[in-house]
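K.L.:
With our numbering, you'll find the sequence shown wraps up at 226, consecutive numbering, no jumps.
Structure provided below as structure tokens; questions to follow.
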Amino acid sequence: MKRRVLFAFLPRRCAFCGRVTPADIPVCGACRAALPRVGDPRCPKCGRGTGCCTCRSAARYYDSLVAPYYYEGVVRKGLHRFKFRHVPDNAAPFAQAMAETVRSCYPDLGFDWIVPVPMTERARKERGYDQARLLADALSAALGIPCVPALVKCYETGKQHGLNAWMRKGNLAGVFDVPDRDALSGKRVLLTDDVSTSGETLNECAKMLWLCGAESVRCVTLAVTKYKKKDQK
Ligand SMILES: [Zn+2]
Ligand SMILES: [Zn+2]
């Protein structure tokens, strides 16, 4: 409590670059101008602009994925600060951008629950907090839709990074579970995470939600990765 009160007197910093900004401005002008926004039209399966899509609309258990930004430049920097430097207050400006994208891409707002992609209890203890959960809670406040942690991650997996598509799928099989299947039955879910790289994590989570009775699963992340030309194979 004391820490929170004292925290209020610290200068406000830009959520992306960390520079000091005026008290009521969460993102500085330079970052605002440099934000790598995802443009329309978008690929519904990978969330990238169709000009950057490399997924060829691969089959997915979720209906669609949208994100306000690409994971590069100031967004990569901002998420890194958020994840590793313990600046949980930045969840609000990030969630605001996600909320705007949700309102414009899913205008019906037909969601019963916001469900975050989970991390293991052990990983959460090691890091001190769960950044996907913080984003989901802030998004819940922005959209007025309850955040329900319906998924759990049962055990730690090796890093997805560096694995090919087939290995990524295998690496995640059976990792996620839904403890209360009755409660999930018939729910329209907005599944959230901080970043989507290959979409495999969201896909595996969506598979479990769908198998356990969710009526629909649509996704939103703060950012999606954009592959360079040489990766487009
Ligand atoms: Zn900035
Ligand atoms: Zn695509």
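Positions of the beta carbon are idealized from the N, C-alpha and C atoms, including for glycine.
Just so it is clear, the structure is predicted and the values come from calculations on it, not from any experiment.
1. Cys45 by DSSP, collapsed to three states: which one?
2. Using 8 angstroms for Cβ pairs, my map puts Tyr114 next to Leu165. What's the rounded Cβ distance?
3. Pick helix, strand or coil for Pro86, following the three-state DSSP scheme.
4. Does ligand 1 have a heavy atom nearer than 7 angstroms to the CB of Phe75?
5. I want to check one thing, is the minimum distance from the CB of Val20 to the heavy atoms of ligand 1 below 7 angstroms?
6. How is the beta strand (DSSP E) around Leu130 delimited, first residue to last?
7. Taking Cβ to Cβ, would you say Leu215 is nearer than 8 angstroms to Leu72?
8. Could you check if Pro100 is buried or exposed, using at least 16 other CB atoms within 10 Å of its CB as the buried criterion?
9. Let me know the secondary structure DSSP gives Leu184 once reduced to three states.
10. So, with DSSP's three-state summary, where would you put Asp175?
P.N.:
To lay it out plainly:
1. In the sequence shown, counting from the first residue as 1, residue 45 sits at position 52. Three-state DSSP puts Cys45 in a helix.
2. Numbered from its first residue, the sequence shown carries residue 114 at position 121. Numbered from its first residue, the sequence shown carries residue 165 at position 172. Checking the sequence shown, residue 114 turns out to be Glu, not Tyr. That belief does not hold up - the Cβ atoms of Glu114 and Leu165 are roughly 18 angstroms apart, past 8 angstroms.
3. Along the sequence shown, one-based indexing puts residue 86 at 93. The answer is helix: DSSP assigns Pro86 an H, G or I state.
4. Sequence index remark: in the sequence shown, residue 75 carries index 82 (1-based). Here the distance from the Cβ of Phe75 to the nearest heavy atom of ligand 1 is not below 7 angstroms.
5. As a working mapping, residue 20 is identified with position 27 in the sequence shown. Yes.
6. As a position in the sequence shown, residue 130 is number 137, starting the count at 1. Before going on, a small fix: residue 130 reads as Asp here, not Leu. First-last for Asp130: Gln124 to Leu136, but that is the alpha helix (DSSP H), not the beta strand (DSSP E).
7. Residue numbering aside, residue 215 sits at position 222 when the sequence shown is read from its first letter. Residue numbering aside, residue 72 sits at position 79 when the sequence shown is read from its first letter. Yes. Within cutoff.
8. The residue you call residue 100 lines up with position 107 of the sequence shown. Looking at its Cβ environment, which holds fewer than 16 other Cβ atoms inside 10 Å, Pro100 is exposed.
9. Taking the first residue of the sequence shown as position 1, residue 184 is located at position 191. Here Leu184 carries a strand assignment [DSSP, helix/strand/coil].
10. Position 182 of the sequence shown, counting from 1, holds the residue named residue 175. Judged by DSSP in its simplified three-state form, Asp175 adopts helix.
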